[in-house]
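Throughout, the working numbering is defined as the position within the sequence shown, counted from one, plus 334.
All remarks here apply to the structure that follows.
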Amino acid sequence: MSAWLVLMLIYQLVISLFGFKRNTKNYQDHDPQMRFLVLVPAHNEEAVIANIVKNLNTMDYPRELYDFYILADNCTDRTAEVVRSMGANVMESFKESPDAPTGKPIVLQKALETIADYHQNYDLVMFFDADNLIDRNMFTEVNSQYLSAEGKADIIQCYLGSKNKNGVVALFYYMTYTITNRFFQYAKSRLGLNSVVGGTGFAVSAPYLHERGGWTSMSLTEDFELQIEATCEGRRILWNNTVRIYDEKPTRFRASFRQRIRWAQGHWFVAFKNTGRLFKALFKKQIKFREFFSTFLYMYSLTPYVILVLQLVLGIVMEVFKWIGLITVAPMHASLISWLALNWPSIVLFFYSFIFLFYVGDYLDNHNRVDLRTLFPMLWSLLLNTMVAGWAQVVGLFKHRQQNNWVKTEHSICAAEDMVVNIDLTVDESHMDDQQENAKIISDRQGASA
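Have a look at this one:
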């Protein structure tokens with residue numbers, strides 16, 4: 335077990351070294367050519383749905399080259415009504431029976447079945463969540479990256495940003511996504527390895543999606559399932575570090591815990607289901623060894639959390655046994671200095687992985703200078719949320735066979751906060767039609783990176 339953890343550790347360290355280079359586009363600019371079909375699943379999202387509709391109506395891309403649909407999935411609120419009042423396309427979906435499965439994968443499959451000729455009318459199908467905000471030049475950049483790949487890209491994942499970072503829970507998400515985007519996703523892309531599909535802000539080749547039979551990934555982590563299946567088929571998944579979506583992160587421990595259980599359930603299910611398939615793809619030379627190695631380690635990247643929790647439980651049991659006299663342990667009088675001498679590699683690694691990499695990534699990608707006053711809140715957030723995340727992975731492992739119970743994460747933040755992104759949702763009447771409002775979404779980093 336320790337050898338496995340050391341292997342994962344070395345891999346992560348090596349990969350992270352390739353994330354320190356400043357971001358430069360690895361593709362040429364192209365005039366708009368690709369036709370986009372945009373799908374936005376929404377379940378009871380009346381509080382936030384208007385903003386992404388405004389956002390999508392004012393993208394910096396020829397309006398005739400993209401269509402978007404809000405997929406109102408079993409909504410009991412005014413989601414569909416709000417979308418229609420804004421003149422946007424909405425597809426409503428309801429359960430055929432009380433016991434029928436529901437959730438994001440189901441509504442996506444229904445939508446693609448309804449738009450049966452999507453592979454003929456569109457080049458790319460792009461997916462967003464209802465709470466997202468999107469850089470206005472996203473379609474322009476994805477168009478250029480896809481054309482530059484000359485048919486060798488099947489999926490493109492864009493930078494996963496945050497709408498909020500205030501509070502102990504949201505800060506943890508902001509930190510981990512900042513680290514992952516720069517020192518895992520971007521770093522892997524520089525090595526020519528497939529990106530991780532992040533659940534929103536990704537585009538899939540319409541012909542490839544149709545070839546798969548539409549949306550066939552039905553686990554609780556349908557994005558991860560798509561990623562693994564595409565990788566096993568030898569498909570290319572690219573990373574775009576230039577444009578980003580802004581996703582609302584949970585602010586309460588309960589919501590975070592439930593979300594992470596769902597993620598863990600889906601992750602373990604997909605990993606167990608596709609391990610044999612991944613080995614078969616390697617033996618049949620459908621993928622190179624480095625892609626196999628990277629994917630296999632990511633498939634089982636949750637194991638450190640499980641080991642951490644098991645060690646904690648074992649430690650508690652041992653203390654109970656000592657207290658009731660079932661076992662005796664020779665007294666140890668270890669000083670703080672001797673403890674530090676024994677554990678200094680772990681301490682250094684922790685600060686490198688979570689503190690140093692975050693500060694560097696936050697500066698390179700979000701243009702935030704290092705402020706050591708944030709160190710204590712970060713450490714406190716890491717401590718509390720790591721325990722929550724660790725326990726969620728264990729629960730998800732034991733519940734991984736349950737893939738039909740989709741637990742919704744509540745959304746309520748209409749505009750981004752904490753200066754993660756600047757948003758102007760005021761209406762400019764000179765650029766309105768009868769049913770659509772104008773929205774401008776300007777990321778605070780675009781001026782610095784232009």
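Even glycine gets a Cβ: it sits at the ideal position worked out from N, Cα and C.
Among R397, V476, Q736, which one has its Cα closest to the Cα of G600? Q736
In the DSSP assignment, find the unbroken alpha helix (DSSP H) run with E563 in it and report its ends. From DSSP, the alpha helix (DSSP H) with E563 extends over 556-566.
Report back the beta-carbon spacing between W573 and L442 to the nearest angstrom; my notes put them in contact at under 8 Å. Actually they do not touch by this definition, with Cβ atoms about 22 Å apart.
Can you tell me where the alpha helix (DSSP H) holding L351 begins and where it ends? Here L351 belongs to no alpha helix (DSSP H), and DSSP marks it neither H nor E.
Could you tell me the distance, in whole angstroms, from the CA atom of H377 to the CA atom of G526? 36 Å
Exposure label - R588; buried when at least 16 CB within 10 Å: R588 sits exposed, since fewer than 16 C-beta atoms from the chains shown fall within 10 Å of its C-beta.
How many Å lie between V704 and K499 at the Cα? The alpha-carbon atoms of V704 and K499 are separated by roughly 16 Å.
Look up A376 in the DSSP assignment and give the residues it is bridged to. A376 pairs with A406.
Reduced DSSP secondary structure (H/G/I, E/B, other) of D762: Its pLDDT being 36, under 50, D762 is placed unreliably in this model, and the coordinates cannot settle the point.
Separation of K618 from L343, as counted between CA atoms: 28 Å
Note the first and the last residue of the continuous alpha helix (DSSP H) segment covering M509. 502-514
Who are Y493's beta bridge partners in DSSP? Looking at the DSSP assignment, Y493 forms a beta bridge with R578.
With distances taken between CB atoms, is the gap from S553 to E545 smaller than 8 Å? no
Contact set for T413: own chain, Cβ-Cβ below 7 Å, skip 5 residues either direction: A376, N378, E379, E380, I383, A406.
Buried or exposed for W597, going by 16 or more other Cβ atoms inside 10 Å? buried
For the beta strand (DSSP E) containing V626, list its first residue and its last residue. Looking at the sequence provided, one finds Phe at residue 626 rather than Val. Where F626 is concerned, there is no enclosing beta strand (DSSP E), although the alpha helix (DSSP H) it sits in stretches over 623-633.
Under DSSP, the alpha helix (DSSP H) around F688 begins and ends at which residues? Element bounds for F688: n/a, residue is neither H nor E.
Taking the alpha carbon of M425 as the reference point, which residue from D394, L373, Q491, N702 has its own alpha carbon closest? L373
Checking 8 Å against the spacing of the C-beta atoms, do M368 and N477 come in under that value? Yes, the Cβ-Cβ distance between M368 and N477 is below 8 Å.
Alpha carbon of L691 to alpha carbon of F473, nearest angstrom: 29 Å
Residue span of the beta strand (DSSP E) that contains V424, given as start and end: 423-427
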